[in-house]
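The structure under discussion appears below in the form of structure tokens.
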Amino acid sequence: MTLLKTLPHHTPLRTRPWAATVIICAGLFLIVIGIGASIVTGVANITFGTVWNSIVAYDAQNDHHVIIRELRMPRALAGALVGAAFAVAGAIMQGMTRNPIADTGLLGINAGAGFVLVLVFAFVPWLPFKYIILFSFIGAGLGALLVYGIAFMSRGGLSPLKLVLAGAVVGSLITGLSQALTLLFQINYDLAFWTAGGISTAEWFQVSVMLPWIVGGLLVAMLISRSITILSLGEDVAAGLGQRTGLIKGIGTFVVMILAGASVSTVGGVGFIGLIIPHLARFLVGVDYRWIIPCSAILGGALVVYADMGAKLIALPYETPLGSIIAVIGVPFFLYLARKERRELS
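The opening position of the sequence shown corresponds to residue 72 in the numbering used here, with each subsequent residue numbered one higher.
Have a look at this one:
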């Protein structure tokens, strides 16, 4: 008998496997369509026929073929990967902490990774990307450590509200320092655009480096999804069922650092994906993280692919930062959740 089947009768698990199956299949289809549409979208007028020709008969002398293969394809694939990574990282955080407003952007993880990367770009800009991504993991961990440390030391201990407030303070401080370093060291436009959140500079070598990290993180997330479901019901319930809560939290935190660090190293500090998508997945498929995690990955990938397409079209021929597009959706959603949380506590 599994742990899920041994839960007390007063804690039923609402699950909709059929809905999850539909979301995964339809979501994969939408991602494929979105990647294709993203490749033909932009300043240069490119058709689907040209895209097909660039795949089956690549011509390095053809400007459109070069744009497709070297710029737009890695950009679209990077968007799908980081969207999945941010969404799953948010889902794990919400499940482990039972905090409905947990997100890598709101809790300082993205800002910490970004700050360490700015330090790298300022002092060792020649460092290969395969090492840069390791510094991003370190920065993600330091950001989380600062936020949780400040929240824990406050009177009354940890709470969702204190974590968000600590995340806002730490995030603002670190972001300000990052911007100051960018100006002080006159770091180029690409980095300035990256710190605002965008994947216009994504290249094949970045995709190839972050791909195994993100895929590995998603696989581990799936392996611990059952335990995350139990942990989301409360630490006392999980411990009573024999679960090693400390071990699961440690693995989950490590996975969040990997997923967030790999994503920030490529697209910058894009927030709210890990806040919005897990709630949407939970609403659609229920509270079982064996379904929430894969559905979050699919929905997160689709969100970033289509949001990036909008970022290219809103102000042609200029680029709009991806982070701004996501924030237009994320800020109202965050305010709704915060108001709902306050109403439930009162």
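Here a beta-carbon is modelled for each residue, glycine too, at the ideal position from N, C-alpha and C.
Round the Cβ separation of residue i and residue j to the nearest angstrom and send it over; I've been treating them as touching at under 8 Å.
| i | j | result |
| --- | --- | --- |
| T175 | G345 | 5 Å |
| A184 | A211 | 4 Å |
| G342 | V241 | About 13 Å; that fails the 8 Å criterion. |
| V94 | F208 | For the sequence presented, residue 94 should be read as Ile rather than Val. Their Cβ separation, rounded to whole angstroms, is 30 Å, which puts I94 and F208 out of contact at 8 Å. |
| L290 | A368 | The pair is not a contact, with the Cβ atoms about 11 Å apart (cut-off 8 Å). |
| F297 | R361 | Position check: residue 297 holds Arg in this sequence, whereas Phe was assumed. So it is a contact: roughly 6 Å between Cβ atoms. |
| V159 | A310 | Not a contact, Cβ separation roughly 25 Å. |
| L312 | G166 | L312 to G166, Cβ: 15 Å. No contact. |
| I139 | V122 | 6 Å |
On the CB-based measure, 16 or more other CB atoms within 10 Å of its CB, does residue i come out buried or exposed?
| i | result |
| --- | --- |
| P145 | buried |
| P83 | Residue placement at P83 cannot be trusted, given a pLDDT of 48 that sits under 50; what the coordinates show is reported in the next sentence. Answer is exposed; the Cβ neighbour count stays below 16. |
| L406 | exposed |
| T118 | exposed |
| P365 | buried |
| L387 | exposed |
| A131 | exposed |
| G220 | exposed |
| L213 | buried |
| T92 | exposed |
| F206 | buried |
| N170 | buried |
| A273 | buried |
| F276 | exposed |
| F192 | buried |
| G161 | buried |
| P196 | exposed |
| L177 | buried |
| G371 | buried |
| G321 | exposed |
| G317 | exposed |
| S125 | buried |
| N116 | exposed |
| S271 | buried |
From what residue to what residue does the alpha helix (DSSP H) around residue i run?
| i | result |
| --- | --- |
| V286 | W275 to L294 |
| L188 | I180 to F194 |
| A378 | Y360 to L384 |
| G220 | F200 to M224 |
| T337 | T316 to V338 |
| R353 | I344 to V356 |
| L312 | L312 -> no alpha helix (DSSP H), and no H or E assigned at all. |
| S109 | P88 to V111 |
| A156 | M144 to T168 |
| I258 | From DSSP, I258 is part of no alpha helix (DSSP H); its letter is neither H nor E. |
| I126 | F119 to V127 |
| V114 | Careful: V114 lies outside any alpha helix (DSSP H) and carries neither H nor E. |
| D134 | D134 to V137 |
In whole angstroms, what separates the C-alpha of residue i from that of residue j?
| i | j | result |
| --- | --- | --- |
| F256 | G247 | 14 Å |
| L374 | G332 | 19 Å |
| V127 | I385 | 31 Å |
| A239 | E141 | 37 Å |
| V402 | T391 | 17 Å |
| I347 | V235 | 15 Å |
| I295 | I319 | 7 Å |
| Q250 | P88 | 45 Å |
| R143 | G120 | 15 Å |
| F194 | F200 | 14 Å |
| A182 | G340 | 6 Å |
| T86 | A352 | 11 Å |
| E306 | F404 | 27 Å |
| G107 | V114 | 16 Å |
| I172 | L304 | 16 Å |
| I104 | G98 | 10 Å |
| A237 | T168 | 15 Å |
| V399 | Y202 | 33 Å |
| K383 | I110 | 11 Å |
| T324 | T300 | 15 Å |
| M164 | N133 | 46 Å |
| L217 | I102 | 36 Å |
| F100 | A147 | 15 Å |
| I245 | R410 | 27 Å |
| P350 | Y129 | This sequence places His at residue 350; Pro is not what is there. About 42 Å. |
| H136 | T112 | 14 Å |
| I397 | S243 | 18 Å |
| I258 | F223 | 36 Å |
For a test of your reading of the model: does the CB of residue i fall under 6 Å from any non-hydrogen atom of the ligand ZN? Yes or no.
| i | result |
| --- | --- |
| F206 | With respect to the ligand ZN, the structure shown offers nothing to examine, as it has no ligands at all. |
| task | Would you be able to state if there are at least three C-beta pairs under 8 Å between the stretch 336-345 and the stretch 184-194? | result | yes
| task | Determine contact between the stretch 352-360 and the stretch 375-384, defined as no fewer than three beta-carbon pairs at a distance below 8 Å. | result | no
| query | Is there contact here, the stretch 272-292 with the stretch 150-164, by at least three beta-carbon pairs under 8 Å? | reply | Touching, per the Cβ criterion.
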